[in-house]
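Just add 120 to the spot in the sequence shown (first one is 1) and you have the working numbering. Yeah, the Cβ is synthetic: ideal placement off N, Cα and C, and Gly gets one too. Being a predicted model, the structure only gives us computed values, none of them experimental. The structure appears right after this line, and notes come after that.
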Amino acid sequence: MQDYFHQIAPNLDRWSERNRYYYQDIERFHRFIIPVGSQVLQIGCGTGTLLAALQPSFGVGIDFAPAVIEIARQKYSPRLHFVCLDAEVLTPGLLFSELDKTCDRGLESAVNNHYSNSDPDLIPTAQPPNQAKGGDDTSFDFIILSGVLGYLSDIQSVLTRLQPFCHPRTRIVLTFHNFLWEPLLTAAEWIGQRRPQPPQNWLSKMDVVNLVSITGYSVIKTGARFLMPKPIPLLSGICNRYLCAITPFSHLSLTNYVIARLVSPIPHIQPTCSVIIPARNEMGNIAGALSRLPQLGRQTEVIFVEGHSRDQTWDEIQRVAQEYHGVFTVKALQQNGKGKGDAVRMGFAAATGDVLMILDADLTVRPEDLSLFMEVISRGTGEFINGTRLVYPCSGDAMPWVNALANKFFSLVFSFLLDQPIKDTLCGTKVLWRRDYLRIADGRYYFGDFDPFGDFDLLFGAAKLNLHIVDVPVRYQPRFYGSSNINHVREGLQLLRMCLYASQKIKFW
Numbered sequence: 121m122q123d124y125f126h127q128i129a130p131n132l133d134r135w136s137e138r139n140r141y142y143y144q145d146i147e148r149f150h151r152f153i154i155p156v157g158s159q160v161l162q163i164g165c166g167t168g169t170l171l172a173a174l175q176p177s178f179g180v181g182i183d184f185a186p187a188v189i190e191i192a193r194q195k196y197s198p199r200l201h202f203v204c205l206d207a208e209v210l211t212p213g214l215l216f217s218e219l220d221k222t223c224d225r226g227l228e229s230a231v232n233n234h235y236s237n238s239d240p241d242l243i244p245t246a247q248p249p250n251q252a253k254g255g256d257d258t259s260f261d262f263i264i265l266s267g268v269l270g271y272l273s274d275i276q277s278v279l280t281r282l283q284p285f286c287h288p289r290t291r292i293v294l295t296f297h298n299f300l301w302e303p304l305l306t307a308a309e310w311i312g313q314r315r316p317q318p319p320q321n322w323l324s325k326m327d328v329v330n331l332v333s334i335t336g337y338s339v340i341k342t343g344a345r346f347l348m349p350k351p352i353p354l355l356s357g358i359c360n361r362y363l364c365a366i367t368p369f370s371h372l373s374l375t376n377y378v379i380a381r382l383v384s385p386i387p388h389i390q391p392t393c394s395v396i397i398p399a400r401n402e403m404g405n406i407a408g409a410l411s412r413l414p415q416l417g418r419q420t421e422v423i424f425v426e427g428h429s430r431d432q433t434w435d436e437i438q439r440v441a442q443e444y445h446g447v448f449t450v451k452a453l454q455q456n457g458k459g460k461g462d463a464v465r466m467g468f469a470a471a472t473g474d475v476l477m478i479l480d481a482d483l484t485v486r487p488e489d490l491s492l493f494m495e496v497i498s499r500g501t502g503e504f505i506n507g508t509r510l511v512y513p514c515s516g517d518a519m520p521w522v523n524a525l526a527n528k529f530f531s532l533v534f535s536f537l538l539d540q541p542i543k544d545t546l547c548g549t550k551v552l553w554r555r556d557y558l559r560i561a562d563g564r565y566y567f568g569d570f571d572p573f574g575d576f577d578l579l580f581g582a583a584k585l586n587l588h589i590v591d592v593p594v595r596y597q598p599r600f601y602g603s604s605n606i607n608h609v610r611e612g613l614q615l616l617r618m619c620l621y622a623s624q625k626i627k628f629w
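As structure tokens, this is what we get:
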């Protein structure tokens, strides 16, 4: 295999240019997944074109073909780092030792000359920023294996060896050809439209999912792209943007992908927690919301956010907060904007806990059940925890059949749009890490301020970040005070418009 790549190395970029339409889609897919400025490791980097397109703050590419690595260095050093190394023997010590040797052979001098008048913090280093500052962290934000699985003799070993390069937020991004395309791609070789290939592995999506699972990773999402590998006006756009995302056409797409994360160990230290309780016309539920709330994590903070109530909700929140002498920290806020989404964002901005929770003040989800959410997120089983009211039976008073039908409809729509199963999109109880919420807030410009409810904003943001979304079943209770603040017809149509808008941003992009 090494001899093969040594022979074709001088022509790799020429072949890539011949099939530029395909490689542009590969770059576009990875740019959608990976934010600019991330720390990226690419296994099987080739001549470095994909890694360079991602604009990482620290980018390392490895490949086992010396001739290929030399071309990559000529094109992109010192901005990126390239190491001649076999992924099947990869270790952190070996990788960073080779990076140091690269610097010794002249990269360090080139860096100093190139950045002599630059801010020192902008000069590339041979270690990730936290390791360069004296730490021992060798992890990356993203690890890419694009088009490389077919050439590996032991995929399981390679995936296992990548574990030391992962932190809890690392995403493994694997792209590979659909095995159904093998005859067509072989024919493309015969007519000179594809570079000649050595014998290689042809894997189904389930093969890759299985390999990822048995090596200690959790699959976040899978998908497919690219039905039309050559540009044909109008037709290619329809096929590659829309049809390839819809069953059964997705099963015929050229490129399959799997996004996964390393299963995190259970932390020894419990996180702190902030519970946000948006409240409008819920005076009779305020005292119960606080008194029934269990201890959550190492320290619990409760933040009431009142929103233009017509009853005495704000007075009741102030009274309850002043009279409370328990172990929780209690805050009372009054929103200036409108809508639950604005209230949630205001509460999150004031929160200090490691984990953020939303509890609706109508108490149709029991405060006691928040301990179930805390257990799931603390164990690392999921990164965005969504409540679902559609598992356990509930009375018609709690959820009329029209509401249940709408909830099931939107669950199907969201599962399709996000490529992750979502049972109940409209359950108000949602839990996530504060650090992930800050990333969602930073990326809110991508979707815009389109969600007055807050649920879709968080779900779409979590999906864009490829957070692992999991459902926690809750028993839905009838409310004991007040009435719903929702106009079901008007807001149902608004939710549908939001889905159509978001589909262009996250599914048919």
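- Taking the C-beta atoms as reference points, I146 is found no nearer than 9 Å to G164.
- Where N330 is concerned, there is no enclosing beta strand (DSSP E), although the alpha helix (DSSP H) around it starts and stops at 325-334.
- Taken through DSSP and simplified to helix, strand or coil, R430 comes out as coil.
- Between V332 and the set W322, P303, I379, the nearest pair of CA atoms involves I379.
- Taken in chain order, the complete alpha helix (DSSP H) segments of 4 or more residues contained in the region 192-229 are 212-222.
- When Cβ pairs closer than 8 Å are counted between the two stretches, the region 410-420 is seen not to touch the region 312-329, the count staying below three.
- The beta-bridge partner set that DSSP reports for C393 consists of T420, V475.
- Non-local beta-carbon contacts of Q276 in its own chain, meaning distances under 8 Å to residues more than five positions away in sequence, involve L331, I334, T335 in chain order.
- The criterion of a C-beta distance shorter than 9 Å is satisfied by A452 and F424.
- Annotation: V533 to C619 spans about 8 Å, alpha carbon to alpha carbon.
- Q144 counts as exposed, since fewer than 16 other C-beta atoms from the protein chains shown sit within 10 angstroms of its C-beta.
- 9 Å or more divides the Cβ of G473 from the Cβ of G574.
- Around E503, the same chain offers L587, H588 as residues with beta carbons nearer than 6 Å, after the five sequence neighbours per side are excluded.
- Take F628, set aside five residues on each side of it, and the residues of its chain with a beta-carbon closer than 7 Å to its own are R361, Y362, A365, in chain order.
- Excluding its 5 nearest sequence neighbours in each direction, D206 has C-beta neighbours in its own chain below 7 Å: F184, listed in chain order.
- The beta carbon of P316 is closer than 6 Å to those of E309 in its chain, skipping five residues each way along the sequence.
- The alpha carbon of V594 has as its nearest neighbour, out of F125, L174, N506, the alpha carbon of N506.
- Non-local beta-carbon contacts of A129 in its own chain, meaning distances under 7 Å to residues more than five positions away in sequence, involve A185, A187, V188, I191 in chain order.
- Considering only Y142, S217, R430, the residue with the shortest C-alpha distance to G267 is Y142.
- For S498, the three-state secondary structure derived from DSSP is helix.
- Residue range 302-310 is occupied by the alpha helix (DSSP H) that includes T306, with no beta strand (DSSP E) assigned at that position.
- Around A622, the same chain offers L537, F567, F570, F576, F580 as residues with beta carbons nearer than 8 Å, after the five sequence neighbours per side are excluded.
- In the DSSP assignment, the residues bridged to W553 are V475.
- Restricted to the region 561-607, the alpha helix (DSSP H) segments that are unbroken, complete and at least 4 residues in length are 564-567, 575-584, listed in chain order.
- In the displayed model, I292 falls within a strand according to three-state DSSP.
- In the structure shown, C359 falls within a helical segment according to DSSP collapsed to helix, strand and coil.
- One thing to note: P303 has its Cβ no nearer than 9 Å to the Cβ of L382.
- Judged by beta-carbon spacing, F468 lies within the 9 Å limit of Y557, meaning their Cβ atoms are closer than that value.
- Assignment of Q438 by DSSP, reduced to helix, strand and coil, places it in the helix class.
- Excluding its 5 nearest sequence neighbours in each direction, T290 has C-beta neighbours in its own chain below 8 Å: S259, F260, D261, F262, I263, R381, L382, listed in chain order.
- Annotated three-state conformation of Y143 is helix, per DSSP.
- Within the model, the alpha-carbon separation for I153 versus I340 is close to 13 Å.
- Nearest to V496 by C-alpha distance, out of A441, Q390, P513, is Q390.
- Between F530 and L613, the CB-CB gap reaches or exceeds 9 Å.
- Contact between T211 and R148 fails: their C-beta atoms lie close to 33 Å from each other, not under 8 Å.
- Within the same chain, and ignoring the five residues on either side of E488 in sequence, the residues whose Cβ sits closer than 7 Å to its Cβ are R412, P414.
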